[in-house]
Every structure is written in structure tokens, then in C-alpha cells.
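Okay, so here's the structure we're looking at.
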Amino acid sequence: VTHIRQNGPGQLRTHDCLTVYISLLNSDLRTSRARLLEMFTDTTCDPEIMKNATDTYFSLLQGFIASLDGTKQENKLRFMQNFKWTDTLQGNTPSAQQDAIFELVSMAFNVAIWHTKFASRLAGKENVTEEEAKDVHRSLKFAAGIFKHLKEVHIPRLITPAEKGRDLEPRVMDTYMVQCKAEAQEVTIARAIELKHNATLIAALAFETANFYQKADHTLNTLEPECSSKWRKYLQLKQHFYMAYAYCYHGQTLLVSDKCGESIRSLQEAEKCYSRAEALCKEYRQTKGPGSTAKPSEQLFFTTLGGLIKNTLQKCERENGFMPNLSRKKTLSQ
Numbered sequence: 001v002t003h004i005r006q007n008g009p010g011q012l013r014t015h016d017c018l019t020v021y022i023s024l025l026n027s028d029l030r031t032s033r034a035r036l037l038e039m040f041t042d043t044t045c046d047p048e049i050m051k052n053a054t055d056t057y058f059s060l061l062q063g064f065i066a067s068l069d070g071t072k073q074e075n076k077l078r079f080m081q082n083f084k085w086t087d088t089l090q091g092n093t094p095s096a097q098q099d100a101i102f103e104l105v106s107m108a109f110n111v112a113i114w115h116t117k118f119a120s121r122l123a124g125k126e127n128v129t130e131e132e133a134k135d136v137h138r139s140l141k142f143a144a145g146i147f148k149h150l151k152e153v154h155i156p157r158l159i160t161p162a163e164k165g166r167d168l169e170p171r172v173m174d175t176y177m178v179q180c181k182a183e184a185q186e187v188t189i190a191r192a193i194e195l196k197h198n199a200t201l202i203a204a205l206a207f208e209t210a211n212f213y214q215k216a217d218h219t220l221n222t223l224e225p226e227c228s229s230k231w232r233k234y235l236q237l238k239q240h241f242y243m244a245y246a247y248c249y250h251g252q253t254l255l256v257s258d259k260c261g262e263s264i265r266s267l268q269e270a271e272k273c274y275s276r277a278e279a280l281c282k283e284y285r286q287t288k289g290p291g292s293t294a295k296p297s298e299q300l301f302f303t304t305l306g307g308l309i310k311n312t313l314q315k316c317e318r319e320n321g322f323m324p325n326l327s328r329k330k331t332l333s334q
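Take the sequence shown: its position 68, counting from 1, is numbered 68 in the UniProt record's numbering, and each next residue is one higher.
In C-alpha cells, the structure reads:
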């Protein structure tokens, strides 16, 4: 653009050429943006299709952000358009900034959210295959990477900092990052159980997952309750659910080691955590705010754990009652 001179009657002037460039860029950007927004609600969209659409859109958006002459000078087109986005926690109240960086981080945030939802849909299927489990893990890891990159690289470049409780503020970004890690580990636990791995390993994974959810919950504890309460209820019920898992499988480990008394105590703790998770499921449904209307306590994964805890505890109690009888028989025979 800058090399075009004004000395020929048939030549475009620099200003005219720049106007054409901006017009074409705007047109292409609007088209690719509309296509990308449609994909966020298209259940047939997969990660490969999403990647192609995001690559196209962000490449065009760079025309408003990257320096036009290859230097570090600010691109004046960056502040040319006003962009509006609503937030996941603030309902339909939009945030607006006249800044292409704001558009970049907002759109990328929604791409990350799409990957978490794609993973959730895939994980919710019956009989998830090993390859599908890998896809779930991959999508959640990718989403966590986007949240981290936005927080560390692009959000600090915003002229107007993110307001409290908005999607782009540090506490919200940190919570999403940790939640992605926790949900990815859920897939690992499910596969470990399916493949009948060692109970000690499953207990350790479940304990770590519960801690992830607790950390995510604590990250939100300074946010206003009206916008974070429902999310926090979800994180808390998941924390107690996986603590119940941890105690249940730890109890199985103790039972194998003939530590029936300790095993029973561990299973009793599992019952307490499970009961608390059930109560939190009810509180979650009754709490107003943004979030799913699903009923976790009615899901198969939830009810299966309840049955496992009950059966394992009964087995421990039978074993515990059987061992003193064995001891008495040995004494009498002597």
C-alpha cells in the first residue's frame, strides 16, 4: 500500500488503495465471523471444522491488529470498530470496546468454551470408545491452553481492563483453566475404572480431581454471589463426588490388605461425601444463575457410585464380622 505513488493518471492514490483494502477486509471479516458464530451452536461441528473456521477468522482479524508496515508501530485499524459481547455470568448485559484485541480475546474465549461443550457432549455418550476418550481429553486440554494464552498474552494488551465478574477477568479465566484440568482427569478416571486398574491408582486420581474442583471453587469465592453461586454449587458437588470416589477406592485398597476396620471407616466417609454431593445437586438445581438445568444426581455415573459405595461397605462389614469368627475357631482348635 505505501509503495503506490500518486504520479500516474491511472494509478490509485495511497488513501484510495487503503480504503479499498479496509472495505474488502471488513467484508471478509463479517462473512467469516458470521460463519464462526453459527458454528458455536451447530451440534454437527467437529474440532477440525472449528479449526478451519477459526484460522480463517483470526487471520483476517490480524489485519486490524498486526502492524501494516512490519514494524512495532500500532495498527491504527485496531481502534476503528466497536465490538460487543455478552458474558457467561452477566446474562444479556453486553460489554463493548472499540478495540480489535477485545474482539480477538472474546472470540477466542468462545472457541475455548465450544471445546469444553464438545468434550462434554462426547463424554456424555454411552459406551465412549478409547479414541473418543482421547478426543475429550484433547479438547479440554486445548481449551485450557486457550484460556491460559489469553490471560497471559492478549488480555494484558487491552486498553480497558476487564470488569469484575466478566469473562475476561483473572478469577474467571483461572477457574475455567482449573475446571478443564479436572474434567480432563475425569476421563482418565473413567478409563481406569473401565480397564480395572489398581484401586490405589483410582483413589489417587479421584483425590487429585476433587482437589482441582476445590481449587476452582475457592478461586470464585470473592466474586459476587449473584453471578457465581450456581457455578460454585456445581464445583462443590463435583468436589464431594470425587472425594466419595477417593474414599470408596481407598476403602477397597484397605480391604485387600485385611484392614477391615479402616476400610469401613473409609467407606463411611465415602457415604458422607456422597450424601453431601446429593444435597448439593438439589441446591444446584434450585440456585438461580447462568448454568445448566441438568440433574447430575440422576445421571448414571452418579447413581453407579452410590451403588458401589453401598455394596463395598456391606462387603467390608461382612468381612469384618467373619474375621473374629475365624480367630475364635483357631483358638478352640488349639
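Ideal Cβ placement from N, Cα and C applies to all residues, glycine included.
Keep in mind the model is a prediction, meaning the values are calculated, not measured.
Taking 8 Å as the threshold (C-beta atoms), are residue j and residue i in contact?
i           : j           : result
residue 203 : residue 249 : yes
residue 47  : residue 109 : no
residue 185 : residue 158 : no
residue 255 : residue 313 : no
residue 187 : residue 112 : no
residue 199 : residue 253 : yes
residue 60  : residue 37  : no
residue 244 : residue 300 : no
residue 86  : residue 180 : no
residue 207 : residue 177 : no
residue 154 : residue 193 : no
residue 309 : residue 271 : yes
residue 238 : residue 274 : no
residue 77  : residue 22  : yes
residue 260 : residue 320 : yes
residue 240 : residue 285 : no
residue 315 : residue 230 : no
residue 145 : residue 223 : no
Tell me whether residue i is buried or exposed, calling it buried when 16 or more other Cβ atoms sit within 10 Å of its Cβ.
i           : result
residue 328 : A caution first: residue 328 carries a pLDDT of 41, below 50, which makes its placement in the model unreliable, though a value can still be read off. Exposed, since its Cβ has fewer than 16 Cβ neighbours within 10 Å.
residue 160 : exposed
residue 80  : exposed
residue 225 : exposed
residue 290 : exposed
residue 364 : This structure cannot speak to residue 364, because the chain is shown only from 1 to 334.
residue 219 : buried
residue 42  : exposed
residue 318 : exposed
residue 136 : buried
residue 400 : Residue 400 falls outside the range modelled here, since the chain spans only 1 to 334, and no answer is possible.
residue 89  : buried
residue 251 : buried
residue 257 : exposed
residue 96  : exposed
residue 296 : buried
residue 292 : exposed
residue 66  : exposed
residue 280 : buried
residue 175 : buried
residue 264 : buried
residue 195 : exposed
residue 139 : buried
With distance defined between alpha-carbon atoms, name the residue in the options nearest to residue i.
i           : options            : result
residue 171 : 120, 221, 197, 125 : 221
residue 278 : 233, 247, 246      : 233
residue 52  : 67, 69, 33, 191    : 33
residue 55  : 281, 91, 104, 94   : 104
residue 141 : 190, 283, 182, 44  : 182
residue 74  : 57, 99, 35, 285    : 99
residue 92  : 128, 227, 44       : 227
residue 152 : 164, 173, 163      : 173
residue 216 : 201, 223, 235      : 235
residue 63  : 94, 82, 28, 50     : 28
residue 340 : 84, 114, 191, 94   : There is simply no residue 340 to check, as the chain begins at 1 and stops at 334 in what is shown.
residue 302 : 169, 139, 138, 124 : 124
residue 336 : 247, 107, 283, 282 : Because residue 336 is not part of the residues shown, which for the chain are 1 to 334, the question remains open.
residue 45  : 114, 163, 138, 19  : 114
residue 94  : 247, 162, 298      : 162
Following the continuous beta strand (DSSP E) through residue i, name the residue where it begins and the one where it ends.
i          : result
residue 95 : 95-97
residue 84 : 83-85
Which residues bound the alpha helix (DSSP H) around residue i?
i           : result
residue 76  : Segment: none, residue 76 is in no alpha helix (DSSP H) and carries neither H nor E.
residue 48  : 47-61
residue 170 : 170-194
residue 116 : 100-123
residue 130 : 130-149
residue 209 : 199-219
Is the closest heavy atom of the ligand ADP to the C-beta of residue i under 7 Å?
i           : result
residue 266 : No copy of the ligand ADP appears in this structure; indeed no ligand is present at all.
- [ ] Could you pull out every unbroken beta strand (DSSP E) segment of at least 3 residues lying fully inside the region 239-282, listed in chain order?
- [x] none
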